[in-house]
Amino acid sequence: MGIEPGITANRGTEFDKTSADRGKASRKNRRRGRKMAAVQTLFRACKEVFADGGTGFIPRPNDVERLRSILDSLKQDDVGLSPELPYFGPIMHGNGRAPIITYLHLYECEKFSIGIFCLPPSGVLPLHNHPGMTVFSKLLFGTMHIKSYDWADGEPCTTVVSENAPRARLAKLTVNEDFVAPCNTSILYPAAGGNMHCFTAVTACAVLDVLGPPYSDPDGRHCTYYREHPFDRFSVDGISVLENERDGFAWLQEREKPRRLTVIGAPYRGPRIVDS
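Under UniProt numbering, residues 1 to 276 are what the sequence shown spells out, in order.
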């Protein structure tokens, strides 16, 4: 007795469909595994690199390169982000206020933290410092303008801005340019590399930050904001800067957290970090 053609065809179709479904599931699992591997690899590396960390800690050069390499290869998909998410749209603008910035918390301990800032177009993280910290910043997508300073070399040089106001201190410009993803990871150190910086979103963008160690008021790592004043605004005895170099210096004055700055937290929905 022969096999009925219809049954053979149906069985073949069912087998092909099952194989295709399994193939799709396998590819999906591989993608999920790669995403999990990327963020988990970053976490494990941070845990090892910052194991002996504390205020003023600077990782060894080979550890810096290790983290830089991991972050350079990190993509927006690895942390479950895309420019289409509501964090990056005009809906995040308040009436007459600066665009709202969203922070996604991935992990934090006393040694380091990992988080992502999501900035809509024109969003600004004002000029601020990272006392005693080494910071890795990876632009995941978009275009961002970064302006950063370090304190000028030598003895701290300060000047009076106005009566009963904080004095301003001389700082040297280290970076003032647009960064377009994909680009290399930016690294700043406790006293070099642009420890005080400002982020401005030219387009919607997301930046992943690794802070080692994280901010901590009890440990003296308080986030301080600054107001910039042009170098030529003040005349100070003993300060000599060539005229063609003056744009490379500014006076930075401590200020309260800007009222227009609004940063809200949102759940991180990317591949989770397993601390084991």
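For every residue, glycine included, the Cβ atom is placed at its ideal position computed from N, Cα and C. The structure displayed is predicted, hence computed values, not measured ones.
Its chain contains I101, A201 and C205 as the residues whose beta carbon lies nearer than 6 Å to that of L119, once the 5 sequence neighbours on both sides are disregarded; these appear in chain order. For N62, the secondary structure class from DSSP, reduced to helix, strand or coil, is helix. With respect to the 8 Å criterion, R269 and G115 are not classified as neighbours on the basis of their beta carbons. Of I70, V49, H130 and I58, the smallest CA-CA separation from T41 is found for I70. Minimum Cα-Cα distance from L140 among the listed residues D77, A171 and N129 corresponds to D77. In the same chain as S148, and ignoring 5 residues on each side of it, the C-beta atoms closer than 6 Å to its own belong to T174, V175, G194 and H197, in chain order.
Judged by their CB atoms, T224 and T143 are not nearer to each other than the 8 Å cut-off. F57 carries a coil assignment under DSSP once its states are collapsed to helix, strand and coil.
Beta-bridge annotation (DSSP): H105 is paired with G115. Sixteen is the threshold: since fewer than 16 other Cβ atoms of the shown chains lie within 10 Å of the Cβ of T55, the residue is exposed. When only Cα atoms are considered, D247 and A171 end up about 11 Å apart. Taken through DSSP and simplified to helix, strand or coil, S148 comes out as strand.
Counted as a single uninterrupted DSSP element, the stretch harbouring K75 is not any beta strand (DSSP E), since DSSP gives it neither H nor E.
V160 sits exposed, since fewer than 16 C-beta atoms from the chains shown fall within 10 Å of its C-beta.
Residue burial is scored here from C-beta neighbours: P99 has at least 16 other C-beta atoms within 10 angstroms and is therefore classed as buried. Membership of C198 in the beta strand (DSSP E) is indicated by the continuous run M196 to A201. With a 10 Å radius around the Cβ and a threshold of 16 neighbouring Cβ atoms, R260 comes out exposed. Under the criterion of beta carbons closer than 8 Å, F50 and K111 qualify as touching, at roughly 4 Å.
At the C-beta level, L208 and M133 stay beyond 8 Å of one another. Judged by their CB atoms, L85 and I273 are not nearer to each other than the 8 Å cut-off. Of the residues S276, F231, F88 and P182, the one whose Cα lies closest to the Cα of Q253 is F231. In the displayed model, R167 falls within coil according to three-state DSSP, outside both helix and strand. Checking the DSSP bridge columns, you'll see N176 partnered with K147. Inter-residue distance for V124 and F199 is about 6 Å (C-alpha atoms, whole angstroms).
For the 8 Å CB-CB criterion, L67 and A45 form a contact.
Excluding five sequence positions before and after T262, the CB atoms of its chain that fall closer than 6 Å to its own CB belong to I100, given in chain order. Rounded to the nearest angstrom, the gap between the Cα atoms of D52 and F234 is 43 Å. For A37, the three-state secondary structure derived from DSSP is helix. Burial is judged here by how many other beta carbons sit within 10 angstroms of a residue's own beta carbon; R221 has at least 16 and is buried.
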